[in-house]
Every structure is written in C-alpha cells, then in structure tokens.
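All residue numbers for the sequence shown refer to this note's numbering, where the first residue is 133 and numbers rise by one. Ideal Cβ positions, reconstructed from N, Cα and C, are used throughout, including at glycine. To start, the structure under review is shown below, and the notes come after it.
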Amino acid sequence: ADAELNYKYTLATLNSLNSPSCTSADGYFTFPDAFINPSSGFIIELPVKNASEASKLCDINPLCKAFTLESTILNGTLATFHSSTRPIFDLAVHSTGKAEMTYIKAAETGQAAIDCLSNASAETLVEVTEAMPRSDTFYTDNFAPTIDGVDLKASLTNKLAAGEMAPGVDVLMGSNLDEGTIFMGLTPHISCTSDADAFYSWASDFYGEPLASTVYQLYSANLTEPVPICAGHFSSRQDTARQEVLDLANISRRVPSVRPVPARLATAKVATSYGYYWMAAMRSAGDYAITCPVREAAKSLLKAGSKVFTFFFEQTPIFSANYQHTERLGAFHGSEVPFMFGDQFELSNAQERNLSAAMGCYLRSFVYSADPNPPEGTPCFNLTGALPRWPSFAEGSTQLLGEKITGYRDLKKDECDAFSQYGFSPPPSPPPAPASAVAFA
C-alpha cells in the first residue's frame, strides 16, 4: 500500500510538471497522513465543508494542482491550495500533531503510466522522489527504481531461510560496528543524557515486550570499544536529520583530515558516562537491522551448501566524502566501502591505507577463487606485513576489520539469538484507512 501511494505520487507530480507522455485523469489521488509544504506554491487557504467542495474550488483555478485538508475547524476543515505538489511530507516522520490528507490531481495509470515514467528525465525523477508521502522508516526505504524488473516480495533474510536461492553461490558479507548511528533519527527519541530507565523505555517503544527486557539486559552491561562521541538524538523529522547528521556540505570544499579521530571508550564501569545509553540504543538498533540479519543469512547460506565468509568492520574513518563529524558516527553504515575498494582520497593515514590494502587483497582473492585467503606466496599490493588468515563462517568465526585484523568466534551470538527468537520484521502495520480516505474522484 505504501509503495502504491509513492507510485501514484510520482505519476501525479510528473503530470503536474508536464513531463513528456504523462496524461491527466479525472479526479484526485489521495494521500492519507501526508501534507505539502505549506509555503510550496501556496495559492490560498480557505475553510471548506468537505473534500468535494475543496476539489471543485481547485478545479476552477488553472493554477491549482493539489490541496491539503486539515481537520482543525469545528464542523469543517481547512483547505490549503497549491500550485506545486512538492515537497510532500509523511506525517509519521514529520509529525505536526494534525490530521491531514492531501489530494493531487490524478494521472493516467496502466500503459500511460509506463510511458510517463519511461520518458521522464533522470534529473526530474530524482527531484520528484526526494520526498514522498511514505518516507523512509527504520525498516524500509521509501522508493527507488527497479532496474531488473524484479520485486522482492519478502526480505532477503526470509527468502534465504526458506531456501529460495540459487545453488552453489559462495558469499562474502558483513556489517559494521556502528550501523545504527545514521538511522537513529528513525527510532523513538533518546538523548545523550538518558539514564537506564530512559533506555528501557526506548527499548519498549521500539521493540515491544518481551524483547525490550532482553535488549536492556544485553546492551546495558557494556559497549564494544571504541564508542563514538554522542552528539544528541537527531530529530525524527528527516529534514532536520539531514541538516544535523548528514551535513550535506559541498564535498568539493571539504579537505581530508590527517588528525586521528577521537573516540571514547566505554565499559560497564562507566555505564553512567555521557551518551552511554544513547550508544547502547544505537548499537542494539544496528545489530537488529543489519548485523544480526547478516548472521541469519550466513547461517541459511551455509545450510544450503554455500561457502560463507563474514566480516565486522570496526574502523572509524578519519575522513568521509559522505559525512562530516565521523567521530560522532563511528564505523557507520557504508563506511567500509572506501576501504574495500581502495578509494585513496578517503584514506587519511598509513594505518587506513594498510587496512584498505588488506581488505582489497581479501576481496580480489574471493572474486577469483571464492576464498578471501590468497594462495600462499601471493603478494598483496601495498600491504605492509602479513595478511591474517580469514576463517570461514563454517568455523564459527567472523573477521574483524579495524585497528586489528583477526578472527572472532560467535560474534554477537547472544544478541542475535535474542533478535532471531522474535524475528527481524517491523511491528504490525496500522489498519488501512477507510475507503473514503483512499480514493476520491
């Protein structure tokens, strides 16, 4: 249902922009719990009795492309009329505390929709899909093109568990220590000053019971070192999260740093230190979303007869072309990519370059032979020292990649066993909107 809403929004917005091959249809597409930026193409704001009255007013105004209804007036609603459909916001992410419904003039579906999408420029598609009526959540991304025409109807982890995989495919896969940092804005609020009780409350809101109690016990005791510097819980509003976390400055004006990245160390002895429970929440969220599903997928692949090698990336990069303030993000989601592929301008010192050389050697060997361990005597380009052996997942080990490169047995076993017991899926979806709120013509 969410994907269909985003699809219809894309069609309607392309049509409103007079994109080639897009054609208008009668009536309106409706988007529950979504609103258009009040200042975007603002025409007028009027009290109306209902959606039918608002649509008639929009129909007679050649500039009007959309309107949003806000249920705030006694015996009626307030309609905001717009000449632009962008940007639209998902109330679940950008909560305003108001009940709102957005209506956009409809576009033809079917073959006409295929022609509309196929003929749209890439630049326009990117702009149109930047904000969607159903935005990113912690569990899903909002919208993206399907290049090969295949939609996955279930998560990759679940499909592998069901044995739905090509036989004999050997896999190298992994996750990072701080997978959760850039996604915390999509979880319940928790602050750097939160205490143990606040962490338990966060876990209850995010995981529900009885999993919350287990998460509290597992993640309150200690945190794997090093721990990022807590900069506060980023707002659940995605626009604020982009400003505070992503800090999308012009990359061309950024200069790689040669300073070491400061990082606090945390153990059970300093469990009351600033940001400890924010980090505990973050680590649990990252394990739940990525690290533990990787482990489950590896188990399924191994059971099916594949050779599997897993890694756990622990390095906080000194510089990233994607994000500023890496000391706040740690070994964040995607931070391993420049290291794995030897992206030299993002590698700031000898240790980072040597780690990258080792990771590149592993990857080349795996691509060539389905084993990250090159044959004895094979040189690794630009590597200082010997290349540590990478044990297979069948041996119960995961390769740690960071200041030290070494195998680690039963990584996150207790944590992942707990998550696995309850499944890796979002909480139950809310009931669908009533029929009157889903379609209007």
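C-alpha distance - residue i paired with residue j, whole-angstrom precision
{"i": "E478", "j": "L309", "result": "19 angstroms"}
{"i": "A344", "j": "A335", "result": "5 angstroms"}
{"i": "A286", "j": "S432", "result": "15 angstroms"}
{"i": "S384", "j": "V469", "result": "Model confidence at S384 stands at a pLDDT of 34, short of 50, so the residue's coordinates are unreliable; what they give is reported in the following sentence. Between S384 and V469, the C-alpha separation is close to 20 angstroms."}
{"i": "P219", "j": "M264", "result": "8 angstroms"}
{"i": "K237", "j": "S203", "result": "21 angstroms"}
{"i": "T142", "j": "A211", "result": "22 angstroms"}
{"i": "D475", "j": "A252", "result": "33 angstroms"}
{"i": "K123", "j": "I168", "result": "Any question about residue 123 goes unanswered here, given that the chain covers just 133 to 573."}
{"i": "N182", "j": "S172", "result": "22 angstroms"}
{"i": "L533", "j": "E177", "result": "57 angstroms"}
{"i": "K188", "j": "N147", "result": "19 angstroms"}
{"i": "F445", "j": "S405", "result": "25 angstroms"}
{"i": "I361", "j": "A463", "result": "12 angstroms"}
{"i": "F221", "j": "A166", "result": "5 angstroms"}
{"i": "Y500", "j": "G555", "result": "35 angstroms"}
{"i": "S216", "j": "F174", "result": "8 angstroms"}
{"i": "A373", "j": "S467", "result": "Because A373 sits at a pLDDT of 36, beneath the cut-off of 50, its placement in the model cannot be relied upon, and the following sentence gives the value as read from the coordinates. Going by the C-alpha atoms only, they are around 18 angstroms apart."}
{"i": "V377", "j": "H457", "result": "With a pLDDT of 33 at V377, under the threshold of 50, the modelled position of this residue cannot be trusted; read the value that follows with caution. Straight-line Cα distance between these residues: approximately 8 angstroms."}
{"i": "G613", "j": "Y348", "result": "Absent from the structure is residue 613, since the part of the chain shown begins at 133 and ends at 573."}
{"i": "T510", "j": "V359", "result": "36 angstroms"}
{"i": "D158", "j": "T241", "result": "11 angstroms"}
{"i": "P504", "j": "M491", "result": "9 angstroms"}
{"i": "A298", "j": "K545", "result": "27 angstroms"}
{"i": "E547", "j": "T346", "result": "9 angstroms"}
{"i": "V194", "j": "V282", "result": "For the record, residue 194 in the displayed sequence is Pro; it is not Val. Each residue's alpha carbon lies about 39 angstroms from the other."}
{"i": "E136", "j": "D273", "result": "14 angstroms"}
{"i": "S184", "j": "E259", "result": "30 angstroms"}
{"i": "H295", "j": "T325", "result": "Rather than His, the amino acid found at residue 295 in this sequence is Gly. Rounded to whole angstroms, G295 to T325 spans 45 angstroms at the Cα level."}
Range covered by the beta strand (DSSP E) that runs through residue i
{"i": "F163", "result": "S156 to P164"}
{"i": "V440", "result": "V440 to F445"}
{"i": "K237", "result": "E232 to A239"}
{"i": "F477", "result": "Careful: F477 lies outside any beta strand (DSSP E) and carries neither H nor E."}
{"i": "D222", "result": "I220 to D222"}
Endpoints, alpha helix (DSSP H) assigned at residue i
{"i": "P545", "result": "Per the sequence presented here, residue 545 reads as Lys, with Pro not at that position. K545 -> alpha helix (DSSP H) spans K545 to Y554."}
{"i": "Y409", "result": "Y408 to G418"}
{"i": "K140", "result": "D134 to S148"}
{"i": "P128", "result": "No information on residue 128 is available, as it lies outside the stretch 133 to 573 that the chain covers here."}
{"i": "N251", "result": "Q243 to N251"}
{"i": "K291", "result": "L288 to A293"}
{"i": "S352", "result": "L343 to S352"}
{"i": "A463", "result": "A463 -> no alpha helix (DSSP H), and no H or E assigned at all."}
{"i": "V260", "result": "A254 to V260"}
{"i": "V469", "result": "V469 to M472"}
Distance CB(residue i)-CB(residue j) smaller than 9 angstroms
{"i": "L111", "j": "A482", "result": "Summary: the structure shown does not reach residue 111, with the chain confined to residues 133 through 573, and so no result is reported for it."}
{"i": "T234", "j": "F163", "result": "yes"}
{"i": "I537", "j": "L461", "result": "no"}
{"i": "P449", "j": "F473", "result": "no"}
{"i": "H214", "j": "F315", "result": "no"}
{"i": "S552", "j": "E428", "result": "yes"}
{"i": "A133", "j": "F161", "result": "no"}
{"i": "P425", "j": "T289", "result": "yes"}
{"i": "T261", "j": "N138", "result": "yes"}
{"i": "F338", "j": "A417", "result": "yes"}
{"i": "Y409", "j": "D327", "result": "yes"}
{"i": "F443", "j": "L292", "result": "no"}
{"i": "E311", "j": "Q447", "result": "no"}
{"i": "T209", "j": "P179", "result": "yes"}
{"i": "L201", "j": "E232", "result": "yes"}
One or two residues paired with residue i in a DSSP bridge
{"i": "S307", "result": "F444"}
{"i": "S529", "result": "R541"}
{"i": "P179", "result": "L210"}
{"i": "E202", "result": "L210 and E232"}
{"i": "I331", "result": "Residue identity check: residue 331 is Phe in the sequence provided, not Ile. Partner(s): none; F331 has no beta bridge."}
{"i": "I168", "result": "I220"}
{"i": "V301", "result": "DSSP output for V301 lists no bridge partner at all."}
{"i": "F578", "result": "The chain is shown from 133 up to 573; residue 578 falls before or after that span and cannot be answered."}
Near the ligand COA: residue i beta-carbon under 8 angstroms from a heavy atom
{"i": "F498", "result": "The model depicted lacks the ligand COA and carries no ligand whatsoever."}
Three or more beta-carbon pairs under 8 angstroms between the segment 408 to 421 and the segment 317 to 328, yes or no?
-> Counting Cβ pairs under 8 angstroms, three or more are found: they touch.
Cβ contact (3+ pairs, closer than 8 angstroms) linking the segment 424 to 443 and the segment 523 to 534 = Segments in contact, yes.
Cβ pair count under 8 angstroms reaching 3, the segment 417 to 424 against the segment 355 to 364 = Contact between the segment 417 to 424 and the segment 355 to 364 is absent, because fewer than three Cβ pairs lie under 8 angstroms.
Could you say if the segment 149 to 160 and the segment 233 to 252 meet the contact criterion of at least three C-beta pairs nearer than 8 angstroms?
-> Enough Cβ pairs lie closer than 8 angstroms, so yes.
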